[in-house]
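**Q**
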Amino acid sequence: MPANFTPSNSDLLRFLPETILIAAGTLMMVLDPFLSKSKPKFFGHLSILAFIAALLAAVAANGDPGFAYSNLLIVDGFATYFRILVITIGIFAVFSSYHYLDREKAETSEYHALILFAVSGQCLMAASNDLIMIFIGLEISSIASYVLAGYLRHDKRNNEAALKYFLLGSFATGFLLYGVALVYGITGSTKLNEIHTALAAPGVSLVMVSVAAALMIIGLGFKVSGAPFQMWAPDVYQGAPAPVSAFLATAPKAAAFAIFLRIFVTAFQPVASSWEPILWVMALLSMTIGNFAALTQTNVKRMLGYSSIAHAGYILVALTSRSEIGTTAAMFYLAAYALMNIGAFAVVIHMAGKGETNVQISDLAGLGKKQPFTAALLTIFVLSLIGVPLTGGFFGKFYIFRAALESNLVWLAILGLLNSAVAAYYYLRLLVVMYMHDPSEATEALEPLTPGLRTALVLPAIGTFILGVLPGFVLNFARDAAGIGK
Amino acid sequence: MDPLFFLLFAFIAVACGVNVVLQKHPISSALSLVAVMASLAVLYLLQGAEFIAMAQMIVYAGAIMVLFIFVIMLLNAGTEETKGRSWMALIFGVPAIIGLLGSLAYFMQTGMPKLGEVKFGDWKGGGAYEVGYALFTQYLLPFEVTSVLILIAIVGAIVLARKELD
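Keeping their order, the protein sequence lines are chains A and B.
Just so we're aligned, residue 47 is where the first sequence starts under this note's numbering, counting upward by one.
Just so we're aligned, residue 2 is where the second sequence starts under this note's numbering, counting upward by one.
1) Verify the CB distance criterion: does SER369 of chain A have a CB-CB separation below 8 Å to chain B?
2) Out of A:LEU118, A:GLY167, A:GLU206, A:GLY285, state which residue places its alpha-carbon closest to the alpha-carbon of ILE241 of chain A.
3) Among the candidates A:LEU477, A:SER453, A:ALA392, whose CA atom is the shortest distance from the CA of GLY414 of chain A?
4) With distances taken from CA atoms, which of B:ASP123, B:VAL95, B:LEU105 is nearest VAL253 of chain A?
5) When the Cα atoms are used, what is the spatial distance from ASN77 of chain B to LEU91 of chain B?
6) Touch check for the region 512 to 529 of chain A and the region 449 to 462 of chain A: three-plus C-beta pairs under 8 Å?
7) With a threshold of 7 Å on Cβ separation, who are the neighbours of ALA339 of chain A within its own chain once the five nearest residues in sequence on each side are excluded?
8) Buried or exposed: where does PRO4 of chain B fall if 16 or more other Cβ atoms within 10 Å of its Cβ makes it buried?
9) What did DSSP end up calling VAL520 of chain A once you bin it into helix, strand or coil?
10) Residues in its own chain within less than 6 Å of ALA70 of chain A by CB, not counting five upstream and five downstream?
11) In three-state DSSP terms, what is ALA260 of chain A?
12) Put LYS115 of chain B into one of helix, strand or coil per three-state DSSP.
13) Just checking my contact of LEU492 of chain A with LYS416 of chain A at CB under 8 Å: how many whole Å lie between their CB atoms?
14) Between the C-alpha atoms of PHE378 of chain A and LEU424 of chain A, what's the straight-line distance to the nearest angstrom?
15) Could you check if GLN110 of chain B is buried or exposed, using at least 16 other CB atoms within 10 Å of its CB as the buried criterion?
16) Could you compute how far the alpha carbon of ALA286 of chain A sits from the alpha carbon of PHE293 of chain A?
17) In three-state DSSP terms, what is PHE113 of chain A?
18) Would you check if there are 3 or more beta carbon pairs closer than 8 Å linking the region 223 to 232 of chain A to the region 245 to 263 of chain A?
19) With a cut-off of 8 Å, do at least 3 Cβ pairs link the region 138 to 156 of chain A to the region 77 to 86 of chain A?
20) When the Cβ atoms of the region 268 to 279 of chain A are set against those of the region 297 to 309 of chain A, are three or more pairs found closer than 8 Å?
21) In chain order, what are the residue ranges of uninterrupted alpha helix (DSSP H) at least 4 long that sit wholly in the region 219 to 290 of chain A?
22) Quick one: is PHE108 of chain B near chain A, going by C-beta distance under 8 Å?
23) For the region 51 to 75 of chain A, list every residue whose C-beta sits within 9 Å of some C-beta in chain B, in sequence order.
24) Mark MET47 of chain A as exposed unless 16 or more other C-beta atoms lie within 10 angstroms of its C-beta, in which case mark it buried.
25) Give me the Cβ distance between LEU150 of chain B and ILE335 of chain A, rounded to the nearest whole Å; I'm assuming they're in contact under 8 Å.
26) For TRP326 of chain A, count neighbouring C-beta atoms within 10 Å of its own C-beta (all shown protein chains included) and say buried if the count is 16 or more, exposed if not.
27) I'd like to know whether the C-beta of PRO27 of chain B is nearer than 8 Å to at least one C-beta of chain A.
Here you go:
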């Protein structure tokens, strides 16, 4: 056997973004005893530097696309798109948590290290060509997320969120693994391109493949919080610290959709017709349950939790259409969704106050009079969540429903559009409370925006606006990257 | 002989697996789990996976179960109290489990490719040399990245369980 124990240079380059993030996270653990008391903000600065370095590395790796580490990793446009997306979310998560951690007197080093590790796992998921790598990346991201959800461990709401997330998440991972084991049993491989070849050959038992696909849909459906596996989402987003909720609602979901797309568009593509009805039902249930449950919420974080289920439903509509346009639409929507959701949660972080006492919708009353700038930014995010033209959310929904129509999913598109109309009601309620009501105690006592939060608000707002006015750049990138099935 | 050994240890594994759930005292559950791990090790060995069988014995049945039992003793966990078992779980859960496992078994019997019978000693890919070689060449990346996973688990345990020093 020829021994080749050293990875080649292109292997190292294609794995560089993850390496940088992991190294920075480990470095924080080493520096923690020396700096955590004297310079708590240092760790945030360090992780932003690491994220920017990883972003550049992801772009550099895209210049040399191909497989790495004996076909376990693949660097292509699709991987790069999602790497850039989750790293950007990581940067915003750090900006939005400087002031929060200070206010809650929490340790900063472990928090930022866990965010770095979680993002490294998500980058790994985006670039995996192998079910084993996908599983390891998913677990890195998930375990870091469970801990982050319970980060302020003296807070009972945090404990509840972490425990629920951990128990249900581990259970869902079990289903995913069972599916992986069956796929390996049928095809004799865990590499996605080899699975594709094995399934395309004649004589494969379609029933068995469908069982495996169904088990994997359960696992992945949980991770993207698609109904009927959505129960955990509102509880976790409500209980977790607000910056963590912002992170959990966006980055792990984007990475989970990345592997969902990659597995089902490449490996399971030969048996696509058997999973279409399952996704159809899942998409409809997610949109309906998410939107109708959000109507009656009084807690902003919980409402955003239900709305994130509905948005997962819209993206599942794009997946159901099983076309390259559908993949493009899902990729574009995930970027728009991440920006508007991070922004909306950043306003919640700003409003919440010490111990997160002010997270009711009524606490937003009079924000338009007291802090018109913050209110204007929240208005942009809310309009984008509704899907009003000139925002990223509009083009996201437009492309998704166009993809559905082109794949003859007329009913799903109609029901989805009706759902968007229902959603407008609870989003507009935020604006009504903010502009039409007299200032509440919470808004009277509100501090001015801190520089970190201002960044986490203004940059996503600009991004949302750019995606709404000039979607071409991101859309073209997504369209070029969407041909992963070929 | 091989099918007989397989049936024997597969039966022990399943029976002890059910027993883990049914026992009321945590120590009894933990000991049943040891039996599950040990019989799984025999099943691996029957297929020729020597290294995995030994790792299963040493790591799972040995190290991890000892930790389990230490934790149970440290917490001084007593017999589980059952009050008002959920009828819903009994009426819907049990048939659902039987249906799921039954259909999986059926599909596996009919749908999986038939590769012939496994005989002990036929296959020599499961020794320490072969496994080690695969881990450091073809599966280098997952092997190394798993260390990150373990690091996060340690950091997470410390974050959630440490005492405040000040």
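We put the CB at the ideal spot given by N, CA and C, even for glycine.
Computed from a predicted model, the values in this text were never measured in an experiment.
**A** Reading from the atomic positions:
1) Not an interface residue.
2) Looking at the Cα atoms, A:LEU118 is the closest of the given residues.
3) When only C-alpha atoms are compared, the closest one is A:LEU477.
4) For VAL253 of chain A, the closest of B:ASP123, B:VAL95, B:LEU105 by C-alpha to C-alpha distance is B:LEU105.
5) Roughly 30 Å between the two C-alpha positions.
6) Output reads no: the region 449 to 462 of chain A does not touch the region 512 to 529 of chain A.
7) Within the same chain, TYR352 come within 7 Å of ALA339 of chain A by CB-CB distance, once the 5 residues on both sides are set aside.
8) Burial call: exposed.
9) Per DSSP, reduced to three states, the secondary structure at VAL520 of chain A is helical.
10) The residues are ALA96, LEU162.
11) ALA260 of chain A carries a helical assignment under DSSP once its states are collapsed to helix, strand and coil.
12) Three-state DSSP puts LYS115 of chain B in coil, outside helix and strand.
13) LYS416 of chain A and LEU492 of chain A do touch by the CB rule: their CB atoms are close to 6 Å apart, below 8 Å.
14) So the two alpha carbons sit approximately 21 Å from each other.
15) A residue is called buried once 16 or more other Cβ atoms fall within 10 Å of its Cβ, and GLN110 of chain B, having fewer, is exposed.
16) One C-alpha to the other measures close to 10 Å.
17) Collapsing the DSSP output to three states places PHE113 of chain A in a strand.
18) Of all C-beta pairs linking the region 223 to 232 of chain A to the region 245 to 263 of chain A, three or more are shorter than 8 Å, placing the two stretches in contact.
19) By the C-beta criterion, the region 138 to 156 of chain A is judged to be in contact with the region 77 to 86 of chain A, since at least 3 inter-stretch pairs fall below 8 Å.
20) Flag = yes, the region 268 to 279 of chain A and the region 297 to 309 of chain A touch.
21) The region 219 to 290 of chain A contains, as complete alpha helix (DSSP H) runs of 4+ residues, the segments 238 to 246, 252 to 269, 278 to 285 (chain order).
22) At least one chain A Cβ lies under 8 Å of PHE108 of chain B.
23) Residues passing the 9 Å Cβ filter: PHE51, PRO53, ASP57, PHE61, GLU64, ILE68, GLY71, THR72, MET75.
24) Confidence at MET47 of chain A is low in this model, with a pLDDT of 42, below 50, so its placement is unreliable and no value can be given for it.
25) About 33 Å separates the Cβ atoms of LEU150 of chain B and ILE335 of chain A, ruling out a contact at the 8 Å cut-off.
26) TRP326 of chain A is buried by the Cβ-count criterion.
27) No - not a single Cβ of chain A is within 8 Å of the one on PRO27 of chain B.
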